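Participant: Here the sequence shown is numbered in the working numbering, starting from 1 and rising by one per residue.
Every residue, glycine too, gets a C-beta built ideally from N, C-alpha and C.
The structure displayed is predicted, hence computed values, not measured ones.
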Amino acid sequence: MHATLPLLEVSDFPAIHRNTLETLQVNLGYKCNQSCVHCHVNAGPTRTEMMNAEMLALIPEVIRARRIGTLDLTGGAPELHEGFRTLVVSARKQGVQVIDRCNLTVLSEPGQEDLAAFLAEQQVEIIASLPCYSLENVDKQRGTGVFERSITGLLELNRLGYGVEGSGLTLNLVYNPQGPVLPPDQHKLESDYKRELGKRFDIQFNRLYALTNMPIQRFGSTLISKGQFENYMSLLKHNYAAANLEQVMCRNLISVDWQGYLYDCDFNQMLGLAMPGRTFKTNRPHLRDLLHTDPQGAPIRVADHCYGCTAGSGSSCGGAFSGSFE
1 MHATLPLLEV SDFPAIHRNT LETLQVNLGY KCNQSCVHCH VNAGPTRTEM
51 MNAEMLALIP EVIRARRIGT LDLTGGAPEL HEGFRTLVVS ARKQGVQVID
101 RCNLTVLSEP GQEDLAAFLA EQQVEIIASL PCYSLENVDK QRGTGVFERS
151 ITGLLELNRL GYGVEGSGLT LNLVYNPQGP VLPPDQHKLE SDYKRELGKR
201 FDIQFNRLYA LTNMPIQRFG STLISKGQFE NYMSLLKHNY AAANLEQVMC
251 RNLISVDWQG YLYDCDFNQM LGLAMPGRTF KTNRPHLRDL LHTDPQGAPI
301 RVADHCYGCT AGSGSSCGGA FSGSFE
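(1) List the endpoints of the continuous beta strand (DSSP E) containing residue 62.
(2) Spatial neighbours of residue 161 within its chain, please: C-beta separation below 7 Å, excluding the five flanking residues on both sides.
(3) Okay, do the region 169–188 and the region 127–137 touch, 3+ Cβ pairs below 8 Å being the bar?
(4) With burial defined as no fewer than 16 other Cβ atoms inside 10 Å of the residue's Cβ, what is the status of residue 281: buried or exposed?
(5) Within 10 angstroms of its Cβ, does residue 311 collect 16 or more other Cβ (buried), or is it exposed?
(6) Is DSSP giving residue 95 helix, strand or coil here?
(7) Examine the Cβ distances between the region 71–79 and the region 102–117 and report whether three or more of them are shorter than 8 Å.
(8) On the criterion of 16 or more Cβ atoms from any shown chain inside 10 Å, does residue 194 qualify as buried, or is it exposed?
(9) What is the DSSP secondary structure of residue 275, reduced to helix, strand or coil?
(10) Got a sec? Which residues, its chain only, sit under 6 Å from residue 260 by beta carbon, not counting five neighbours each side?
(11) On a Cα-Cα basis, can you pick out the residue from 46, 8, 313 that is closest to residue 183?
(12) Does the Cβ-Cβ distance between residue 13 and residue 265 come in under 8 Å?
(13) Measuring alpha carbon to alpha carbon, tell me which residue in 23, 125, 82 is nearest residue 206.
(14) Is it true that the CB of residue 51 sits closer than 8 Å to the CB of residue 28?
(15) Determine the closest residue to residue 211 out of 196, 200, 249, with distance taken between C-alpha atoms.
(16) Would residue 273 pass as a contact of residue 301 if the rule is Cβ separation under 8 Å?
(17) Short of 6 Å in beta carbon distance, which residues of its chain neighbour residue 134, apart from the five on each side in sequence? Order them along the chain.
(18) Would you mind listing the alpha helix (DSSP H) stretches within the region 215–296 that are 4+ residues and don't spill past its ends, in chain order?
(19) What number of angstroms, rounded off, separates the C-alpha of residue 4 from the C-alpha of residue 230?
(20) Let me know the secondary structure DSSP gives residue 181 once reduced to three states.
(21) Classify residue 246: buried if its beta carbon has 16 or more other beta carbons within 10 angstroms, exposed otherwise.
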């Protein structure tokens, strides 16, 4: 796989700093039951990197120490971690909002038959990947049979109340473009998804998040192989919107890898760009450092891939910020 960091490190992206820490986004490990073309984590069934019990036990302590309101669990497929459910219960007992970034097919994996019911019982917010509402496009990006299993998962979540008005159970979907293009207007695309999924399968959901593909890891390597990397970077930079700097996720979020090391965002984590250490007085900030150090005001480490979060309508873990792409 081609390395993208050497093409991104030298950057003219503007300097930005942290605001109040609101969200702790934890990558529980890279094991996944899928291997998606657009995956910036390069996750898959053969990955073995998983967070150990010591790191897992630190998370509720950090949440308490920093008064964090949201725990965002990701992977791989975070649900495949044996400590996933214990962590969810612990966080919910503290009154913390828990987000599960779910690929939907994990709901039908052997041993996970009661997973959807567990998530509903704990009132976990689900952000589920569904890159299109057509079988052909989803299976092309995520593998044969994924679309059918995803629809089955969504129907199960709807049956439990997810995405149903008044249930209090939030189900949001995530769209990623098929190739080196920017996502279309998020509001229009959400309407299309609701119309097609409702008409064809009677599926309901709350919101659709349109995310820009990042030029890193598996997707970035594919761009290099096809000679498309420079053109894609030009597209991101041409559509840069300074107003989006105020809403980028790294201002209020810290990303934690499976070993407990800290990053300004999930994308920096995948590139190995650790948080600047001077705030924590350490060369490589770690989860345990958050027990005693408030990162507010610290500089955020940037590189050229940051243009992916600020192009057009903007892109973050919560989807586009506003408007439409050029």
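Facilitator: Taking the coordinates as given:
(1) Per DSSP, residue 62 belongs to no beta strand (DSSP E); it is in the alpha helix (DSSP H), 53–66.
(2) Its chain contains 120, 167, 169 as the residues whose beta carbon lies nearer than 7 Å to that of residue 161, once the 5 sequence neighbours on both sides are disregarded; these appear in chain order.
(3) Output reads yes: the region 127–137 touches the region 169–188.
(4) By the Cβ neighbour-count rule, residue 281 is exposed, with fewer than 16 other Cβ atoms within 10 Å of its own.
(5) By the 10 Å Cβ count, residue 311 comes out buried.
(6) Here residue 95 sits in coil by DSSP.
(7) Yes: the two stretches touch, three or more of their Cβ pairs being nearer than 8 Å.
(8) Label assigned to residue 194: buried.
(9) Three-state DSSP puts residue 275 in coil, outside helix and strand.
(10) In chain order, 55, 286, 287 place their CB closer than 6 Å to the CB of residue 260, counting only its own chain and leaving out the 5 sequence neighbours on each side.
(11) Shortest Cα-Cα distance from residue 183 to any of 46, 8, 313 involves 313.
(12) No.
(13) With respect to the C-alpha of residue 206, the residue from 23, 125, 82 having the closest C-alpha is 125.
(14) Taking a C-beta distance under 8 Å as the contact criterion, residue 28 and residue 51 qualify as a contact pair.
(15) For residue 211, the nearest C-alpha among the options comes from 249.
(16) Yes.
(17) Excluding residues up to 5 positions away in sequence, nothing lies with its Cβ nearer than 6 Å to the Cβ of residue 134 in the same chain.
(18) If we require 4 residues or more, the alpha helix (DSSP H) runs fully inside the region 215–296 come out as 217–225, 229–238, 266–271.
(19) The alpha-carbon atoms of residue 4 and residue 230 are separated by roughly 11 Å.
(20) Residue state, collapsed to three classes: coil.
(21) Within 10 angstroms of the beta-carbon of residue 246 lie fewer than 16 other beta-carbons, which makes it exposed.
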